[in-house]
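K.L.:
Dropping the structure in here first, questions after.
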Amino acid sequence: MEDSMHSQKNSPACFLRWSVSKVADRLYAVAATVDGKEYDFVGNFKSVREAQQAGRRYAEDLVHNSMAGGRLSLKQQPLAA
């Protein structure tokens, strides 16, 4: 049991979060992170609703890709634009 608990402490944590910032009139920027330290620029959007949807979709794609063992797994490589 102790070994099992020890391995859980060393496993990587997933920290999915995105932020929406107003950068101009009717222009919102979205950034997302999987580790809480480095953020990826997702894009600029014309409404808060579009920006939130893009952030959510980006986070879902990251989770799906990392679970499939894709190149974004555990944020090992930077994203290509």
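Numbering (the working numbering), first residue to last: 1 to 81.
Cβ coordinates follow ideal geometry from the N, Cα and C atoms, glycine included.
Predicted, not measured: the structure shown is a model, and the values here were computed from it.
Looking only at its chain, what residues have a beta carbon closer than 6 Å to the beta carbon of S47, apart from the 5 residues adjacent to it on each side?
P.N.:
Cβ within range, chain order: n/a, list empty.
K.L.:
Following the continuous beta strand (DSSP E) through D35, name the residue where it begins and the one where it ends.
P.N.:
Looking at the DSSP string, D35 is not in any beta strand (DSSP E), and its letter there is neither H nor E.
K.L.:
So what does DSSP say about L62, is it helix, strand or coil?
P.N.:
DSSP places L62 in helix when its eight states are reduced to three.
K.L.:
Determine the extent of the beta strand (DSSP E) in which R17 is found, giving its start and end residues.
P.N.:
Its beta strand (DSSP E) spans residues R17 to A24.
K.L.:
Are the beta-carbon atoms of F45 and A54 separated by less than 7 Å?
P.N.:
The answer is yes: Cβ separation under 7 Å.
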